[in-house]
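Chains as they are written, first to last, in my numbering: chain A, 1 to 228; chain B, 1001 to 1372.
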């Protein structure tokens, strides 16, 4: 009975988390966020596509390997194919740019960027969609672009995303906002690849220790009753 | 039956086993102890747990590439992230229990004769924990830990004389290449020595316990059952924190590797170091801060003698009230150090002043008044 109950509880919670997996834009949200979050693998796979075709030109992703992509639902053969296409093996880090220097600004490695910036994927989304014409009164430094989300308002990174910057294989429309949201979810996974495992183990452990606590307290009371 | 025979077989060949069993079964413990009295036991369990998880981490840790090796543990070592989560969550919980245990000891005046020594060991426990916790924070190689290390090393440099020499010997000069390797040794040594401190605490608490023989109960099965229940609750809180709030024991800026050009804003320290950081932070020079730390430690150690109520003084309401105020004061120091309170720098000075005022003035005066 208890098992059935626990199972239903897990399924309900996972179900709630999965129910939004399709449309992540209205309203904007990331399935990986929140205490019961799980990585949205479809979004993260699309985000990998964005990283590969747009961001890798300037950024590296040195701590993530091709073998790790299997956690996003790629088959070992697909992951090996990705590695081969980039001239590496399953154990090579995902291909990115060699260290660049763009007028004094260095594109940071993106492996942990979602953990390093307050707001995580939300910030990355706002940053990638925050470019625009500088408001009156703002003088841009040479080689810089106005960005509403970036601290200080100007960044050396150009506005790189636009509608159709990539082609998605799963039929999702590659709008600029969709690309930004997908690559943000991908980077959230890259920064915390153990998120799913942690939440899954945690859920089981909590149920286990809840019952253990009840049993331990009951047995303590029983033992102490004989003492009087 | 067979268990009985087995026991005597082993016990006759290893007599200390028999005395251990006898001591577990001896009716020497107070009847109906509070669950809170299990805190030191839980601290001992956590200290052992941290030592074990720490050994696993030490196998993979590389002080010359600290940040990268922590990333390696998190990402590439099988279940490395799990062990690291255990170590971090265990740290948060052992500090929480140590703070609560000290607070409760003051509140119920568990430090009074003949239990002074268990109080001294409780204070020592917190001091060793603070040092070990700080070293662990530095060992991560993150930007926040590195900043803290550079500040400490610079302070040690500026001290001069014997304290400066000791500080330099301990830290190995301004945060250089070999510094983390040496700090790793101290971290492990101090961490494992926690077990000794806890053992001394238990031994002294046992010696000080005055239990009426007719009412006393045995550890086995009574307190074993109680401690097990306490442990189950602790484990429950542990998994809740560890799996759903793994960030509680760290600071965000430590996700950034040390040595970058940009200094992280509001780098800060983990919550468990915050009260101490708040207290030290109000003093303008390193000399004053070290002096204040020494005075604070001496005052804590001296508490059994600052309490003027005598061995059978009544338990006073006013003293209880001020103990709660002290708890809020320490909490406030931590919050001020984190900069989350408005006027944090001013408040930190006030809270620091109150801390010394509590022990130097309030404790002797209030206890003496209430004893009458």
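Glycine included, C-beta positions come from ideal geometry on N, C-alpha and C. In this text the structure is predicted, and so the values were computed from the model without any measurement.
Would you report the Cα separation of residue 154 of chain A and residue 1230 of chain B, rounded to the nearest angstrom? 54 Å
Taking C-beta to C-beta, are residue 62 of chain A and residue 111 of chain A nearer than 8 Å? yes
Could one say the Cβ of residue 144 of chain A lies closer than 8 Å to chain B's Cβ atoms, at least one of them? no
I want to see whether chain B comes within less than 8 Å of residue 94 of chain A, judged by CB atoms only; does it? no
Note down, in chain order, every chain B residue with its Cβ under 7 Å from the Cβ of residue 194 of chain A. 1081
Neighbourhood of residue 1200 of chain B by C-beta, 7 Å cutoff - its chain only, sequence neighbours within 5 removed: 1121
Minimum C-alpha distance to residue 1164 of chain B - residue among B:1291, B:1126, B:1008 and B:1211: B:1291
Spatial distance of residue 129 of chain A from residue 105 of chain A (CA atoms): 20 Å
Hey, would you say residue 1177 of chain B sits closer than 8 Å to residue 1064 of chain B, going by beta carbons? yes
With three or more C-beta pairs closer than 8 Å as the rule, is the region 39-55 of chain A touching the region 175-194 of chain A? yes
Taking the continuous beta strand (DSSP E) assigned at residue 62 of chain A, which residues delimit it? 61-65
Under the rule that 16 or more other beta-carbon atoms within 10 Å means buried, what is residue 1035 of chain B, buried or exposed? exposed
Whole-angstrom Cβ separation of residue 1364 of chain B and residue 1113 of chain B, contact assumed at under 8 Å? In fact, because the Cβ distance is near 16 Å, the residues do not count as touching under 8 Å.
Below-8 Å beta-carbon distance, residue 169 of chain A vs any chain B residue: no
On the three-state DSSP scale, how would you describe residue 178 of chain A? helix
For a cutoff of 8 Å on Cβ pairs, would you count residue 1222 of chain B as touching chain A? yes
So is residue 166 of chain A buried or exposed if we call it buried at 16+ other beta carbons inside 10 Å? buried
May I ask you to report which of helix, strand or coil DSSP gives residue 21 of chain A? At residue 21 of chain A, the pLDDT of 43 sits below 50, so the modelled position is not reliable; the number obtained from the coordinates is stated separately. DSSP places residue 21 of chain A in coil when its eight states are reduced to three.
Can you pull the DSSP bridge partners for residue 94 of chain A? A:61
Close Cβ partners of residue 1002 of chain B (< 7 Å) along its chain, the five nearest in sequence each way excluded: A caution first: residue 1002 of chain B carries a pLDDT of 47, below 50, which makes its placement in the model unreliable, though a value can still be read off. Same-chain partners within the cutoff: there are none.
Would residue 181 of chain A and residue 28 of chain A qualify as a contact pair, given that the criterion is a beta-carbon distance under 8 Å? yes
Does the separation of the CB atoms of residue 1243 of chain B and residue 201 of chain A fall below 8 Å? yes
Near residue 1281 of chain B, what residues of its chain come up, given a Cβ to Cβ distance below 7 Å and the 5 sequence neighbours on each side ignored? 1337 and 1348
Is it buried or exposed for residue 24 of chain A, if we count other Cβ within 10 angstroms and need 16 for buried? buried
Under 7 Å Cβ-Cβ, which residues of chain B neighbour residue 172 of chain A? Residues of chain B passing the Cβ test: none, with the nearest at roughly 28 Å.
Within the continuous beta strand (DSSP E) that includes residue 1029 of chain B, where are the two ends? 1027-1029
Amino acids of chain B, ordered along the chain, whose beta-carbon sits closer than 8 Å to that of residue 59 of chain A: Residues of chain B passing the Cβ test: none, with the nearest at roughly 16 Å.
Contact list for residue 1244 of chain B against chain A, beta-carbon separation under 7 Å: 35 and 202
Pull up the CB-CB distance for residue 1051 of chain B and residue 1191 of chain B, whole angstroms please, since I reckon it's below 8 Å. 6 Å
Can you tell me whether residue 1085 of chain B is buried or exposed, with buried defined as 16 or more other CB within 10 angstroms of its CB? buried
Nearest CA to the CA of residue 1123 of chain B: which residue from B:1028, B:1081, B:1040 and B:1170? B:1040
Mind pulling the chain B residues with CB within less than 7 Å of residue 219 of chain A? 1225
Can you name the residues of chain B whose CB is closer than 7 Å to the CB of residue 209 of chain A? 1232, 1235, 1236 and 1239
Residues that DSSP places opposite residue 102 of chain A in a beta bridge: A:105
Can a CB atom of chain A be found closer than 8 Å to the CB of residue 1228 of chain B? yes
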